[in-house]
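Working notes, structure below.
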Amino acid sequence: MEKIAWSKLIRRTHMYLALFLTPWMVVYALSSFIFNHHALFSGGKPLAQFEKVEELPYEAVFSDGIEPREAGLQILRDLDREGAFWVGQNQKLTAERFTVNRNRAIGPERIHYYPRENKVIIERQKTTTASLLVGLHLKHGIGHPGIAANLWGIVLDLVIVGMLFWVLSGVWMWLGIKPARFWGGVSGLVGLGLFLLFMFTV
Amino acid sequence: MNNTNLIFRRVHLYLGMLLIPWVLIYALSTFTFNHRDWFRGQFNQPDSWTQLWKKEFKADVPRQQPKLKEWARGVLDENGIKGGFNVRQNPQSVLINFIQFRNPIRVTYRKNSGQLLAEQKRTTLAEMMARMHVRHGYGRGGVLYNSWAFVVDLVCFAIIAWIATGLYMWWKLPATRKAGWVAILSGLATFLLLVFTI
Numbered sequence: 002m003e004k005i006a007w008s009k010l011i012r013r014t015h016m017y018l019a020l021f022l023t024p025w026m027v028v029y030a031l032s033s034f035i036f037n038h039h040a041l042f043s044g045g046k047p048l049a050q051f052e053k054v055e056e057l058p059y060e061a062v063f064s065d066g067i068e069p070r071e072a073g074l075q076i077l078r079d080l081d082r083e084g085a086f087w088v089g090q091n092q093k094l095t096a097e098r099f100t101v102n103r104n105r106a107i108g109p110e111r112i113h114y115y116p117r118e119n120k121v122i123i124e125r126q127k128t129t130t131a132s133l134l135v136g137l138h139l140k141h142g143i144g145h146p147g148i149a150a151n152l153w154g155i156v157l158d159l160v161i162v163g164m165l166f167w168v169l170s171g172v173w174m175w176l177g178i179k180p181a182r183f184w185g186g187v188s189g190l191v192g193l194g195l196f197l198l199f200m201f202t203v
Numbered sequence: 000m001n002n003t004n005l006i007f008r009r010v011h012l013y014l015g016m017l018l019i020p021w022v023l024i025y026a027l028s029t030f031t032f033n034h035r036d037w038f039r040g041q042f043n044q045p046d047s048w049t050q051l052w053k054k055e056f057k058a059d060v061p062r063q064q065p066k067l068k069e070w071a072r073g074v075l076d077e078n079g080i081k082g083g084f085n086v087r088q089n090p091q092s093v094l095i096n097f098i099q100f101r102n103p104i105r106v107t108y109r110k111n112s113g114q115l116l117a118e119q120k121r122t123t124l125a126e127m128m129a130r131m132h133v134r135h136g137y138g139r140g141g142v143l144y145n146s147w148a149f150v151v152d153l154v155c156f157a158i159i160a161w162i163a164t165g166l167y168m169w170w171k172l173p174a175t176r177k178a179g180w181v182a183i184l185s186g187l188a189t190f191l192l193l194v195f196t197i
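Same order as they appear, the protein sequences are chains A and B. Counting in the working numbering, the first sequence runs from 2 upward without gaps. Counting in the working numbering, the second sequence runs from 0 upward without gaps.
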């Protein structure tokens, strides 16, 4: 009786976790297909172009020896654009231009700060289905400013837990289906064999 | 159990069994991306490149990328290195990265000093998984390289197939309909909320 209850719990967790995470898995499947056939979707160009949307006067004072990421965060805060972002780690505030990439899901922005001219130019990417999917695929990390970006990182951890759980519970369920043992075993061994072949030759 | 139900269950299961190694690699490598600070020491460790050989070499390097690629292919062939690679140059040097999951090789041609240097990277498990995660695309090497891209396509197809067959199996369990709808709709709502607010 206890075994049946345990079995049911594993099966239901496998299913409900998958139903909850369906949107993320669809995004990862479709975006991976775009990566794998990039030229087909981009025609040799970027998936979506950035266009200038705003030019603003901007004066800022940064603390000595400030890290590029901290400087990027300060610029975003000053411009009221906080959220997930990244900056090139080799950038310097003494250079002609310092760029902060504000990676929104819809309409990612590049904020170019020109320290000598005391201005910023904001460019926004025109969102296409392909660029949206690829952008979502690349989102990761915890510790961004803003709740939503961190929540995405937490859900990504849940996706990872889900994938590991689907594998483990899937193998466990396969062992419980006697008629599927042989071909399931063959599939597993073929997959493992192929993977090892790739690992040692590619 | 009717035939359609059985076929859907078996497709779900056998595709899953076949692709276990890829699902594990994608899951574990994503964990290292999502918690980069925890794994910082595992990536680009200092002194991870070891010299394989160094040669005197003088050549005219083509400027255009297709010809540069052809030139690099010749350099690798002459030195017995076979497989997929990418190449880029700046005024001082040409860098040929020979792509391998386990121990990548880079060949650097220093134009001014006329030296050709080959180095191999000592790789950590996290780096190898990351390389597997990001490898994609056809036409970057031989049959095996294209076969990896084909498996990437297969994983994409499998995810869609798991979702479709999973939804079918859920629908066939009337007792789970209500809770299933809650899971689907709460997942969709969370997803849309995040997409529109990030």
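Glycine is no exception: its CB is placed at the ideal position from the N, C-alpha and C atoms.
Annotation: the continuous beta strand (DSSP E) that includes A:E110 extends over E110 to Y115. In this structure, the straight-line span from the alpha carbon of B:Y108 to that of B:Q44 is close to 23 Å.
Beta-bridge partners of A:K120 (DSSP): A:P58 and A:Y115.
Judged by DSSP in its simplified three-state form, A:E83 adopts coil rather than helix or strand.
Going by beta carbons, A:T100 and A:Q92 fall inside the 8 Å limit. Counting only the Cα atoms, B:L23 lies some 29 Å from B:R176.
Residue range R182 to T202 is occupied by the alpha helix (DSSP H) that includes A:S188. At least one C-beta of chain B is nearer than 8 Å to the C-beta of A:V191.
B:T189 and B:K57 have their C-alpha atoms roughly 59 Å apart.
B:I183: not part of any beta strand (DSSP E); member of the alpha helix (DSSP H) spanning R176 to T196, first to last residue.
Using a Cβ-Cβ cut-off of 7 Å, B:T196 is close to A149 of chain A, given in chain order. For B:N2, the three-state secondary structure derived from DSSP is helix. Below 8 Å, enough C-beta pairs join the segment 126-138 of chain A and the segment 96-110 of chain A to call them touching: three or more. As the crow flies, the alpha-carbon of A:W167 is around 16 Å from that of B:T29. Excluding five sequence positions before and after B:F97, the CB atoms of its chain that fall closer than 8 Å to its own CB belong to L75, I80, G82, G83, F84, P103, I104, R105 and V106, given in chain order. From the listed residues B:N111, B:H11, B:D59 and B:L116, the smallest Cα separation to B:I159 is found for B:H11. Here the C-alpha atom of A:S64 lies approximately 10 Å from the C-alpha atom of A:Q75. Three or more Cβ pairs closer than 8 Å define a contact, and the segment 31-39 of chain A meets that threshold against the segment 141-159 of chain B.
Residue environment: A:L22 is assigned as buried (16 or more neighbouring CB atoms within 10 Å of its CB, all protein chains considered). With a contact defined as Cβ atoms closer than 8 Å, B:G15 and B:W161 qualify at about 7 Å. With its beta carbon less than 8 Å from one in chain A, B:A182 belongs to the interface.
Per the DSSP secondary-structure output, B:N85 pairs in a beta bridge with B:N96. Residues of the segment 83-115 of chain A that bring their beta carbon within less than 9 Å of a beta carbon in chain B comprise G84, A85, N104, R105, A106 and I107, in sequence order.
Out of A:Y17, A:V88, A:G142 and A:V187, the CA that lies nearest to the CA of B:R35 is found in A:G142.
B:E118 is a Cβ neighbour of B:Q50, given a cutoff of 8 Å. 8 Å or more divides the Cβ of B:M131 from the Cβ of B:F156. Not one beta carbon of chain A lies nearer than 8 Å to the beta carbon of B:A71. Below 8 Å, too few C-beta pairs join the segment 151-164 of chain A and the segment 40-60 of chain A to call them touching: fewer than three.
Taking the C-beta atoms as reference points, B:Q41 is found nearer than 8 Å to B:T123. Using a 10 angstroms sphere on the CB of A:L10, the tally of other CB atoms stays under 16, which defines it as exposed. Secondary structure at B:I159: helix, using DSSP grouped into helix, strand and coil. At a cut-off of 8 Å between C-beta atoms, A:Y59 does not count as an interface residue with respect to chain B.
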